[in-house]
Structures are given as structure tokens and as C-alpha cells.
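Chains as they are written, first to last, in the numbering used here: chain A, 1 to 204; chain B, 1001 to 1200; chain C, 2001 to 2158; chain D, 3001 to 3170. The C-beta atom is built at its ideal place from N, Cα and C for all residues, glycine as well.
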Amino acid sequence: MMDARIKYSVLLVGIGIILAFLPFNAAESFRLKPTELLSKSCSEDIYFSVDQVARFMNNEDSTVQIIDVRSAKQFHECNIPGSINIPFSDLLNPLWQPTLNQKEVKNIFYGNSDQTASYAWTIATGLGYPNNFIMKGGLNEWFETVMNSQFSGEKITPAENARFETRLNARRTFTQINSLPDSLKTRFFNAKMLKESMLDGGCE
Amino acid sequence: MGPLTILSEFPEWINLLIAFCIGIGFGFALEQAGFSSSRKLAGMFYGYDTTVLKVFFTAAIVALAGSQLLSFFGLLNLKLVFVNPYYMNATIIGGIIMGAGFIMGGYCPGTGISALSIGKIDALIFLFGGMVGAFLFAETYPYIQTIAMENYKGPMRIEEWMGISPEIFTLILIIAAVALFWLAEHAEKKFSRTEITTDL
Amino acid sequence: MHLYKNLKIVILVIVVLLILVIIRNSDQNIFKREVKTAIEAVQTNSNLITPDQLQKRTNPYLVINLGSGDRQDSIQFQHSVQIPFENLLDKANRQVLNEAEGDLILFSVDVATASKAWVILNQLGYKNVMILTSEENPDELKHKFQPDTTVRLEQDSI
Amino acid sequence: MNKTNYMNPYFAGVLLGLVLLAAMFLSGRGLGASGGIKYTVVALVGAIDKQHAMESAYYSKYFENGESPLKNWLALEVFGMILGGFISGALSHRLKFKIEKSPKISNNKRLLFAFLGGVFFVYGAQLARGCTSGAALSGMAVLSVAGFVTMIAIFGSAYIFAWFFKSLWI
């Protein structure tokens, strides 16, 4: 009996010492291999145009969630209606993981330009979260294309007509929602609450 | 790369089959450890048999260290493994009630099922009582809902709470367990009750 | 005697585990840095550098042009090398990155490519990687939202 | 009776730890036992009085998806446990119907306290969202604070109550 205790004690302590001196913390590092992440990053399929996002917004498409990675202050000034504000500095907050790390809906990141959105995209993808996308050009592009574009030309094709109608609708919603007084705005945004963890377990 | 059933698109029945197989292993290990005997379990609290402590800590440490090693080798994503949510008040009050039930009944639910499987009639009654307990909980749920929900801390992990790395904490836990094993074997000699232990 | 025989097996297990850990650690094709280091590093935009600042620099640096061959960029730098983004991690290019003296300055026409490359290199453990950008803060909203003060949202639509 | 001895406790612990590790690796979750008891009760209540089950704040969530509450990971695991325990008992020649108790107390007393123990234990387990396996053991294996607190609360309280119930066991 005592032999067994010494044997298992040595085994456990030995493994414990190896654990304590592991050279890096794999649980907090990227899951993907560098080459996998690079080849995903090079793909053009990770982008949605602002027109596509405008359509998602108009249709209140439930297969996507639009994620604003700017600061809460900037988000409050104006944002794409229906988007969730996950400031870039808060990206690793455990409370957001159920929202970001899920297979059901696509994550579409946007910032003012492509920069912060690209950081966020690379981190989310590197961590192994599925279905990440970037709204190409960010809010700057959104303003130029959706908010400020005017049709100039002689004839309008049906396809162009449809596109301009989408933009017009998106522009109207964007202006309306963002013009609301602050109190109403907050209530509207808080409707998007944090999700419960998707993981099962325990005795529940 | 694990957890397999979360990361791969397996049909639901495979997950349930896995559950059944895990259950077989669980029941087998509990019975082999001697957890199917209430007097052996109760020995933990009177010092004459400390099997519970040895099995419990060894098992927790093996799973803990094993999962950290699997994570290090890129085989398991620890972020996708369920972490029990911490409702402070409910956990403490529930734990105290469970402790009382443990010493009265001589089993916990897992060991009770294991004892039932080899024909212990007291375990059958214990589990029947357990069903009554679950029924009572469901019926009284509206009255205790506030206690059950109070002080919710989320799925908090010990390293966030203490601010040290999980691997270092594991080493501390292992050293504590080894010390407890030593203590336990001394206690077994001191509080020895041969009339019970030879009977088991 | 029996105890020592048993201990041999235990020590064997531990040694095998140790060897596996060392092998894993020497693998170049895995990320080893904690993700939060990347997030902290970009907080203050200290990973950005403008061409003016670059010109005034005295310590050594290497500009990495991430554009691919067919899209020749007009801007030319001293101490520069062209590595298309998709080939960034090829063996020969890793060699260039490893042997480079001083800071690595990433450049691409679109800010997205350099940003993604920056995160990848940062997480691979490269220190002093910076992004070359013509603007002080490229991630700025260049438009001001003009609220429509006449908006009244109907109660039922909330 | 030709009874085989129990396994070395440390070895049994390693075995149990590997089973738990397998559950984490395969299904991303820990083990559980009180949950299985709960699902049995939920299924029973659903079969006896469906109306009541649908109206109750507690039961209704288990009937939302329209499937049987027994078609569940925990319930299947508990069925497996019974088989696993039976196999182990058969291999070690421990299969026997009996009431296990201290010779100093009567059968009825033992059964009464077994019943009460069951009521208390599972009631507490429902409150704490897990029992010794689901919360304490599996919780410790993922370093959850809930796991450690449950473990300390169960064993601490059992040591205190052990003094009151000494006559049951010794």
C-alpha cells in the first residue's frame, strides 16, 4: 500500500513539475497553424461589400451578426443598426466568447477602416472561431457608398436600380436609428443581450 | 482535435453512444474502487478508510493534468470544455445539504448508482429518496429561485480568481494531494477499525 | 526492491513526456504567444510608423513589401525586400525575417493585408514589427454623422 | 464466498481520471450522476401529468424541444453506469442482493436514513447544480471555482454531521 502511494506520488509530482514549466501557454494562443491562418487570410472570400451588409441589415438577416470593433464611444455616435459592439480591446473577454465562437451565424467585423477589423478577424480566426468576415472598407466606405452616393448617368439598369434602392433603405434606417435620443438608443442596443454559453455540461 | 463531438458534425446518436460508453467506464471505475460500499465511503469521515480521498484526488488530477497536456499538444481546445458556472450562495448551501445527505445515506448519487448495479438494496432506497429530492426541488423551485440565482459569478476559473497560471496551480494541487495521501494513510492506522474493514 | 522496479516505470513515463514536450516546443509551425499580447500592442497605435518617421530613423530596419509581383508599387524604399503576403511564411522568407537586422516594417497598399500580416508575425514571436502607413491614424472616421432631428420613432417599432 | 479484493485506490483513481478525461475530450463535458436522476424524475412527471410539467417553471424547459427528457447525454451515461458497475461486480464476484449496514442498527433504520440521505443529497445537488461527480470532481478537473467550493462544502459539512450520525456507522 505504501509502495503504491510513493509510486503514484512520484508520478503525479513529476507530471506536475513538467506542467508548471511548460514553455508556452497553448490554451491562450492561436489554435490554427501559422500556414493555415495565412492561407485563410489571403482569401478574398472573407470580405463582404458594404452593399451586401446593407442588404443584410435591411432584411434583418438572422444568419449574420454584424460586429462593431470600435470603442463604445464611437459606437454610440453612430453604428450600423443591429450591430453588436465588441470593442477590440474587449475581444478576449470570456463573456463574448459564446457570441463570437459559434457555428450558427457569420461574424462580420467592421471598424472605421479595414485596420482594426483586420486585426479582429485575424485573432478570431486564429483562435479557431468559425465563419469570420470583414466588411470591406469599414464605416468610411459605408458613408461613401451607402450614405453619400448619388446616381449619376442617363439610364439606370434594373440591377443598379435594385442596388440603389437597398442603399436608400439602408440610409434611411441608419439615419433614423442613429438620430434617436440617447436613452432610446441604449434601450434599442441592449436588446442584443449576451448569449448563454452554448456548451453543455455539469448536471444541468 | 477535441472535443470531438463539438468540433465535428456528428449526428446526435453518436454523442449519446459516447455517453453510454463513458457511463460504462465510469460505473466500472467506481465499483472497482470500492465506491459501491457505503461503509467504505463512510470510513472517510471516521478515518478508518480513506479510499474516497485517494480516488477522488487522483482522478481529478489525472483529468486536470491530462487535459492541460492535451491542450499543449494541440489536441484539445480547453475553451470548448464546459466550466461549471459559479452561483456562490447556491453552491455553498447546496454543498452543505449534500454533505448532510452523504453521511446519512452513505452514498452520493454516482456511488449510489454503482452500488445499485451490484444489488445493494439500501442504494435502491437512497436513489428513490434522490428522486423524491429532485421532485421536491422542482416543486419548491419557485420559492428558492432567488437563492438558486443569487451571486452569479459566471463560469469562473480558479486561475482568474487567484491570478496564477493554471499549470502552476495544478502543481500546487498535486503537492497538496500528495501530502493528503500521506496524512490519510497515517489516519487509517490511527483510526483503524478492523472489525469493519475486514467485513467489506 | 519491488518499489524500485515500479519507480523505473514511473520515471520512464515522465522522461517520455518530457521528450514529447521538447519536440513540441521546437516545432516552428505553431503559435506560442498569448493572444492578449497582440491586443495590448496595438492599443496605442505604437505599431504604426509614417514614411517621415521612417526617414528620420537611424537604427536599422527592413521594409517588407507585401504586394505581389504583378502589382508593382510605385513607392520605393531603401532596405526593402518584396515578400508577397501569401508567401510570407515560406521557408526562405522565414529565413529573411529571422536574419533581418532591426525592425521589420510591413507595407501594403491596402491597410488590411499589412494588419493581418502584423498579427500573424506578432503571434509568431517577432518583436519590433511595425506597419508603414501614410496616415497618422488610418482607423479614423472621416465622415461626421448628421443626425436627423425630426426623427420620431413610432412606439410599436421598438 | 470467493470475493476478489478492490482495486488499488490510486490505480482506480487514475482509471476514473482517464474516463473523465475521455468525456472531456470526446464530448467537451464532465461526468454527472445527479443529473441522470433528475431527468428520470422529469420524464416520470411528464408521463404522469403532462399538464403540470408544461406549466411548471422548472419542468417546462425540459420539454421545449419536444423530445423525451431521457434522450439526453446524462441519462444515457447513467444507464451506462449501471451496466459498467454490473460488469465490474460480476468480474469481482460482488453481485449480491443485500442491505449494507453496521450490525448495530436495524434494517429499517438503515433504509430510513438511506432514504433521507437521498432526499437531502439530490435536493442539495439540484441547488448547487451538480453533485460530487458533476460539480466537485468534473469541476476540479476544469479548475472551476464552483468545483472546489462544492468539494469543500460537501466534505466539510459531512465531517461536521458525521459526529451526529456516528451511531449509524460505527
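Beta carbon of residue i nearer than 9 angstroms to that of residue j
i: V2119 of chain C; j: L127 of chain A; result: no
i: D51 of chain A; j: R167 of chain A; result: yes
i: I3099 of chain D; j: G1023 of chain B; result: no
i: G1074 of chain B; j: R31 of chain A; result: yes
i: A148 of chain A; j: A54 of chain A; result: Just to set this straight, residue 148 of chain A is Asn in the shown sequence, not Ala. Their beta carbons are not under 9 angstroms apart, which means N148 of chain A does not touch A54 of chain A by this criterion.
i: P81 of chain A; j: N178 of chain A; result: yes
i: G3085 of chain D; j: I1118 of chain B; result: yes
i: G3035 of chain D; j: G3130 of chain D; result: yes
i: N205 of chain A; j: K2144 of chain C; result: Here chain A comprises residues numbered 1 to 204, so residue 205 of chain A is not present and cannot be evaluated.
i: L2054 of chain C; j: V2042 of chain C; result: no
i: T1058 of chain B; j: T3132 of chain D; result: no
i: I3170 of chain D; j: G1027 of chain B; result: no
i: A2038 of chain C; j: F2085 of chain C; result: no
i: D90 of chain A; j: V2111 of chain C; result: no
i: L1200 of chain B; j: R1039 of chain B; result: yes
i: I1168 of chain B; j: V13 of chain A; result: no
i: F3148 of chain D; j: I1097 of chain B; result: no
i: I67 of chain A; j: L100 of chain A; result: yes
i: G991 of chain B; j: L1076 of chain B; result: Beyond the ends of chain B as shown, which are 1001 and 1200, falls residue 991 of chain B; an answer cannot be given.
i: G3066 of chain D; j: L1080 of chain B; result: no
i: L3031 of chain D; j: L1016 of chain B; result: no
i: S1008 of chain B; j: N25 of chain A; result: no
i: N2098 of chain C; j: R2033 of chain C; result: no
Opposing strand residues paired with residue i [DSSP bridges]
i: R31 of chain A; result: R31 of chain A pairs with nothing; no bridge assigned.
i: N161 of chain A; result: DSSP lists no partner for N161 of chain A.
i: K106 of chain A; result: A:V64
i: Y47 of chain A; result: A:I134
i: V2063 of chain C; result: C:S2080, C:I2105
i: L2048 of chain C; result: C:I2131
i: N85 of chain A; result: A:D68
i: G1002 of chain B; result: B:L1076
Of the residues the options, the one placed nearest residue i, counting alpha carbons only
i: V1083 of chain B; options: D:L3044, D:Y3059, D:A3141, D:L3074; result: D:A3141
i: L3021 of chain D; options: B:H1186, B:L1064, B:T1051; result: B:L1064
i: G1130 of chain B; options: D:S3133, D:Y3123, D:C3131, D:A3135; result: D:Y3123
i: F88 of chain A; options: A:N131, A:S71, A:G14; result: A:S71
i: L1136 of chain B; options: D:I3037, D:Y3006, D:K3098; result: D:I3037
i: N2065 of chain C; options: C:V2042, C:G2125, C:N2093; result: C:N2093
i: T2044 of chain C; options: C:I2011, C:D2139, C:Q2055; result: C:D2139
i: T1198 of chain B; options: B:S1036, B:L1016, B:D1049; result: B:D1049
i: L1180 of chain B; options: B:T1051, B:K1040, B:L1004; result: B:T1051
i: L92 of chain A; options: A:I6, A:W121, A:I156; result: A:W121
i: P2998 of chain D; options: D:A3090, D:G3046, D:G3085; result: With chain D covering only 3001 through 3170, there is no way to say anything about residue 2998 of chain D.
i: S2080 of chain C; options: C:N2087, C:T2037, C:D2103, C:E2086; result: C:D2103
i: F3155 of chain D; options: B:A1176, B:Y1046, B:I1164, B:I1144; result: B:Y1046
i: A3114 of chain D; options: B:L1127, B:I1113, B:I1118; result: B:L1127
i: A3033 of chain D; options: D:A3158, D:L3143, D:G3134, D:G3147; result: D:G3134
i: F3165 of chain D; options: D:S3088, D:I3105, D:G3130; result: D:I3105
i: F1035 of chain B; options: D:S3167, D:I3152, D:G3089; result: D:G3089
i: N112 of chain A; options: C:N2137, C:K2032, C:R2024, C:V2129; result: C:N2137
i: F3063 of chain D; options: D:M3007, D:L3111, D:Q3051; result: D:Q3051
i: I3152 of chain D; options: B:W1013, B:I1147, B:A1134, B:G1095; result: B:G1095
i: I1006 of chain B; options: A:T145, A:W142, A:F174, A:P130; result: A:P130
i: A3162 of chain D; options: B:E1009, B:A1042, B:I1014; result: B:A1042
i: A3146 of chain D; options: D:L3074, D:L3127, D:V3042, D:F3097; result: D:L3127
i: W142 of chain A; options: A:V64, A:T175, A:Y119; result: A:T175
i: E1139 of chain B; options: D:F3097, D:L3137, D:N3107, D:E3055; result: D:E3055
i: N3107 of chain D; options: B:G1099, B:A1123, B:P1109, B:V1062; result: B:A1123
i: N2047 of chain C; options: C:N2128, C:K2056, C:P2147; result: C:N2128
Residue i Cβ short of 8 angstroms to the ligand HEM heavy atom set
i: K3101 of chain D; result: Of ligands this structure carries none, so the ligand HEM is not represented either.
**Prompt:** Is there contact between the stretch 3006-3018 of chain D and the stretch 1079-1098 of chain B, where contact requires at least three CB pairs shorter than 8 angstroms?
**Reply:** no
**Ranges of the alpha helix (DSSP H) found wholly within the stretch 3117-3147 of chain D, counting only runs of at least 4** = 3138-3141
**Prompt:** Three or more beta-carbon pairs under 8 angstroms between the stretch 128-145 of chain A and the stretch 105-114 of chain A, yes or no?
**Reply:** yes
**Request:** Give, in chain order, every unbroken run of the beta strand (DSSP E) that is at least 3 residues long and sits entirely within the stretch 2077-2133 of chain C.
**Result:** 2080-2082, 2103-2107, 2129-2132
**Message:** Does the contact criterion of 3 or more C-beta pairs under 8 angstroms hold for the stretch 2124-2141 of chain C versus the stretch 2097-2109 of chain C?
**Reply:** yes
**Prompt:** What alpha helix (DSSP H) runs, 4 residues minimum, are completely inside the stretch 1087-1174 of chain B?
**Reply:** 1088-1105, 1109-1117, 1121-1149, 1158-1162
**Request:** Kindly provide the ranges of any beta strand (DSSP E) runs that are 3 or more residues long and lie completely inside the stretch 3056-3108 of chain D, ordered along the chain.
**Result:** none
**Prompt:** Does the count of Cβ pairs from the stretch 1151-1165 of chain B and the stretch 3078-3096 of chain D closer than 8 angstroms reach three?
**Reply:** no
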